[in-house]
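Participant: Under my numbering, the first residue of the sequence shown is numbered 22, with each subsequent residue one higher.
Glycine included, every Cβ here is placed at the ideal spot set by N, Cα and C.
Quick caveat: nothing in here was measured; it's all calculated off a predicted structure.
I have a structure I would like to understand better, so I am pasting it below and will then ask my questions one at a time.
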Amino acid sequence: MDKEGRRYEVGIRGAGQVASQHAAAILANPKLRLAAVCSRSRSSAEKLAVEWASAAKGGTPIVIYDRYEDLLDDASVDIVSECMPNFLHAREGALAFEAGKHLILEKPAGIAREELQFLRDAARRSGRKSVVSFVLRWHPLIANLKNLISKAAIGDVYYAEFDYWHGIKPSFSSYGWIRRKEFAGGAMITGGCHAADLARYLHGEVEEVFAYSTKARDDFDYPTTMVAATKFVDGSVGKLSVSLDGLGFPYQFNIDLLGTKGALRDNRVYSKVLFPSQQDFAILPCDTPNTGSVEHHPFKQEIDNLVDCIEGGNPVLSDVEDACKSMELALAVTESAA
Numbered sequence: 022m023d024k025e026g027r028r029y030e031v032g033i034r035g036a037g038q039v040a041s042q043h044a045a046a047i048l049a050n051p052k053l054r055l056a057a058v059c060s061r062s063r064s065s066a067e068k069l070a071v072e073w074a075s076a077a078k079g080g081t082p083i084v085i086y087d088r089y090e091d092l093l094d095d096a097s098v099d100i101v102s103e104c105m106p107n108f109l110h111a112r113e114g115a116l117a118f119e120a121g122k123h124l125i126l127e128k129p130a131g132i133a134r135e136e137l138q139f140l141r142d143a144a145r146r147s148g149r150k151s152v153v154s155f156v157l158r159w160h161p162l163i164a165n166l167k168n169l170i171s172k173a174a175i176g177d178v179y180y181a182e183f184d185y186w187h188g189i190k191p192s193f194s195s196y197g198w199i200r201r202k203e204f205a206g207g208a209m210i211t212g213g214c215h216a217a218d219l220a221r222y223l224h225g226e227v228e229e230v231f232a233y234s235t236k237a238r239d240d241f242d243y244p245t246t247m248v249a250a251t252k253f254v255d256g257s258v259g260k261l262s263v264s265l266d267g268l269g270f271p272y273q274f275n276i277d278l279l280g281t282k283g284a285l286r287d288n289r290v291y292s293k294v295l296f297p298s299q300q301d302f303a304i305l306p307c308d309t310p311n312t313g314s315v316e317h318h319p320f321k322q323e324i325d326n327l328v329d330c331i332e333g334g335n336p337v338l339s340d341v342e343d344a345c346k347s348m349e350l351a352l353a354v355t356e357s358a359a
């Protein structure tokens, strides 16, 4: 523990836009200290370190590493925050576990089934704690919907629909690599996994999918729009969709849950249980997740959740074990649509 009372030192792997938001969340937690940054671009790592140096506190400079192996060899680093492109997440996350580090892992947890198994096995062997950035689980609207469902406010859910529509423009920070399947994994894997994850989190496990795909742009080398019919283990049905093609309209994340006693449609609630005389949908007074900007993602709540887990054993909302299940659903949709 340093003189500021921070108990855990964090090394960030990556120095892009998401890494900067992770840094802000790390520095906002009084039990964490940003100790190191590691990037393939030293100038980017130095820029991030300078950006957050004044907030880092503790009197110890942020160390810059060129090689990931050197970051992992740093015995003072307790937690690794993995913010590299998708194709590196599983492998580098597994290496962090093998080095005895706790892990903050950006989604997707992996882009292939073999990667997910490798990552899952490493997590189990290490016994270390993890959190995966399926950030919508910490979003206020999702917390409210989860609470309403748990109290059977809309009865038994028989239909569940989740849509992730995010037109990726050339100005997008990851545009250079996200257009290639070998680096991104595909539309449902790189972005649609948020829809797959919420389907599981808000409703339950999926046992069957049947999907189609199409493409409305030429700058990506994989299908950029997918839709899947889903059958849940409880017999209910639904739909998952993803589109990276929507350049002519704003980002949209749609949630529709139809139940025997009402419905939830984004931030609108119709519940004969809660409001017997209700005549129209009521509006929940909270933000909706209709932005793709990482500045609005609840990284602080996610990382605080990990610290609470490390210290008190409180479960995180999304660890590696659970995140791999969401990725397996995303992969099943991708495979069905091929």
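1) If you check the beta carbons only, do Pro129 and His110 fall under 8 Å apart?
2) In chain order, which continuous runs of the alpha helix (DSSP H) of length 4 or greater are located wholly inside the segment 126-159?
3) Determine the extent of the beta strand (DSSP E) in which Val31 is found, giving its start and end residues.
4) Using only the alpha-carbon positions, how far apart do Val71 and Ile100 sit?
5) Helix, strand or coil for Tyr89 per DSSP?
6) What are the partner residues of Phe253, as DSSP defines its beta bridges?
7) Hey, is Ala44's beta-carbon within less than 8 Å of any beta-carbon in chain D?
8) If we count Cβ pairs, one from each stretch, closer than 8 Å, do we get three or more for the segment 209-223 versus the segment 174-185?
9) Helix, strand or coil: which one does DSSP assign to Tyr222?
10) Express the C-alpha separation of Phe302 and Tyr89 in angstroms, rounding to a whole number.
11) On the DSSP bridge list, what partners appear for Ile276?
12) Let me know if Val254 comes out buried or exposed under the rule of 16 or more other beta-carbons within 10 Å of its beta-carbon.
13) Answer yes if the segment 132-141 comes into contact with the segment 152-164, meaning at least three C-beta pairs across the two stretches below 8 Å, and no otherwise.
14) Taking 8 Å as the threshold, find out whether the segment 32-50 comes into contact with the segment 315-331 through three or more Cβ pairs.
15) Using DSSP with H/G/I as helix, E/B as strand and the rest coil, what is Tyr291?
16) So for Ile175, helix, strand or coil by DSSP?
Facilitator: Result, derived from the coordinates:
1) If you check the CB distance, Pro129 and His110 come in under 8 Å.
2) Taking only runs of at least 4 residues, the alpha helix (DSSP H) segments lying wholly in the segment 126-159 are 134-147.
3) 29-34 is the span of the beta strand (DSSP E), which, as asked, contains Val31.
4) In this structure, the straight-line span from the alpha carbon of Val71 to that of Ile100 is close to 20 Å.
5) Here Tyr89 sits in helix by DSSP.
6) Beta-bridge pairing links Phe253 to Val227.
7) The structure shown has no chain D; it contains just one protein chain.
8) Judged by Cβ distances under 8 Å, the segment 209-223 makes contact with the segment 174-185, as three or more pairs qualify.
9) Of the three classes helix, strand and coil, the one that applies to Tyr222 here is helix, per DSSP.
10) Spanning the two alpha carbons is a distance of roughly 51 Å.
11) According to DSSP, which records beta bridges pairwise, Ile276 is partnered with Phe183.
12) The residue is exposed, with fewer than 16 neighbouring Cβ atoms inside 10 Å.
13) Judged by pairs of C-beta atoms under 8 Å, the segment 152-164 does not touch the segment 132-141, as fewer than three such pairs exist.
14) Note that the segment 32-50 touches the segment 315-331; at least 3 beta-carbon pairs, one per stretch, sit closer than 8 Å.
15) Here Tyr291 sits in strand by DSSP.
16) Looking at Ile175 - three-state DSSP - the assignment turns out to be coil, as it is neither helix nor strand.
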